[in-house]
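In full-length UniProt numbering, the protein residues as written are 1 to 366.
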């Protein structure tokens, strides 16, 4: 399994099944997650029992479970209202703090300020990232799209508190989903960039809207009964599979994002957790991050994806020895997808590593 190259997570955990926030565009409504078949997604939230004890035991017993980034709440919000009473998220965080696992949390709630001390402990011991998801700063529109979430302003105020009280925590904003024709205006996106910057965000990630099966049906039904119904046909046209329409739309959207990134001088990538120097994965992860970030940014600028570089970056995560040792043996070309142009790109970074210089010096002495 490859880690996600946006949030850099290798593992995921969901404290609950179902989500009270009831966002009308939520991808978790899709049939692919099978949630709709077993529960009323937003009105019936399943609280997982003894989740902290089970997790603690799982980590203790695992012989090959190396610490790596855990993303909390992939198909629900870890800080939805039920968390106030159930505290599953808090319990899970305490386990990860105990075992020094790095953690990434994305949420549309401001409840997370309750756990700032936990965030700070994990960040000081290893790595912690908290991001608030925002589609619009317009409170009326947000209430329609995300009925029971905290307001966008409340989310940013909470994020600012983390930034001020836990400086080692990486904080950011997920500008996602960017909903075509409803939330993709330059004014809306600039509003989010400006206010995120003011709140101290270290990064802004952006991603598009998915429309598939039951999730698509639910979203369109909600639009039909709203003042946004005129956007239904353009939306369906955009998602009809016509590559020319989609490509033209993406070019314009990507240009907006790049312009805003430059204007507000804020990263559109998350800094990755990197293992310490005793861990053989350290430079594998650094070079993987370098390659995957380049693939992403080049794709934004040109619309073309370098698949060879992408797979080189992904496969490097699963290399069972340090890339420095491979380089030292002159065997980079034996790594999967490491073509000459990729070796040429990474070589200057490897040559600068302190560890490699130390090893070369020791070899001469021996």
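A virtual CB, placed ideally from N, CA and C, is assigned to each residue, including glycine.
- For residue 20, the number of other beta carbons within 10 angstroms of its own is at least 16, and it is reported as buried.
- Put simply, the backbone Cα of residue 351 is about 19 Å away from that of residue 274.
- Assigned with DSSP and collapsed to three states, residue 79 falls in coil, not helix or strand.
- The beta carbon of residue 194 lies closer than 8 Å to those of 264 in the same chain, with the five residues before and after it left out.
- Spatial neighbours of residue 122 in its own chain (CB-CB distance under 6 Å, excluding positions within 5 residues in sequence) are listed in chain order as 97, 103 and 128.
- Fewer than three Cβ pairs drawn from the region 238-257 and the region 196-203 lie within less than 8 Å of each other, which leaves the two stretches out of contact.
- If you draw a straight line from the Cα of residue 149 to the Cα of residue 12, it comes to about 22 Å.
- With a 10 Å radius around the Cβ and a threshold of 16 neighbouring Cβ atoms, residue 336 comes out exposed.
- Here residue 356 is near residue 324, since their CB atoms are less than 8 Å apart.
- Straight through space, the alpha carbons of residue 341 and residue 311 are spaced by roughly 14 Å.
- The Cβ neighbour count for residue 207, taken over all protein chains shown within 10 Å, is under 16; the residue is labelled exposed.
- With a contact defined as Cβ atoms closer than 8 Å, residue 155 and residue 188 miss out at about 15 Å.
- By the beta-carbon neighbour count (other beta carbons within 10 angstroms, threshold 16), residue 225 is exposed.
- Judged by DSSP secondary structure, residue 13 falls within the beta strand (DSSP E) whose first and last residues are 11-13.
- Judged by their CB atoms, residue 260 and residue 301 are not nearer to each other than the 8 Å cut-off.
- Taking residue 303 as the centre and dropping the five residues before and after it, the same chain places the C-beta of 247, 250, 251 and 254 closer than 8 Å to its C-beta, in chain order.
- The three-state secondary structure of residue 313, taken from DSSP, is helix.
- Nearest neighbour of residue 346 by Cα position, chosen from 331, 287 and 271, turns out to be 287.
- Within the DSSP secondary-structure output, residue 43 pairs in no beta bridge.
- Per DSSP, the beta-bridge partners of residue 72 are 13 and 105.
- For residue 205, the enclosing beta strand (DSSP E) begins and ends at 203-208.
- Within the region 148-213, the complete alpha helix (DSSP H) runs of at least 4 residues fall at 152-165 and 186-198.
- Contact between residue 101 and residue 67 holds, with the beta-carbon distance rounding to 5 Å and staying under 8 Å.
- The DSSP-derived three-state label of residue 133 is strand.
- A distance below 8 Å between beta-carbons, with the five flanking residues on each side excluded, links residue 178 to the following residues of its chain, in chain order: 135, 184, 189, 206, 207, 208, 209 and 253.
- Counting C-beta pairs with one atom in each stretch, the region 86-95 and the region 45-60 have three or more that are closer than 8 Å, which means they touch.
- Close CB contacts of residue 80 within its chain, under the 6 Å cut and outside five residues either way in sequence, are with 19, 20 and 21 (chain order).
- Straight-line measurement puts the Cα of residue 297 at about 26 Å from the Cα of residue 327.
- Residue 211 and residue 143 have their C-alpha atoms some 20 Å from each other.
- Under a 10 Å Cβ-count criterion, residue 223 is classified as buried, with 16 or more other Cβ atoms of the shown protein chains found around its own Cβ.
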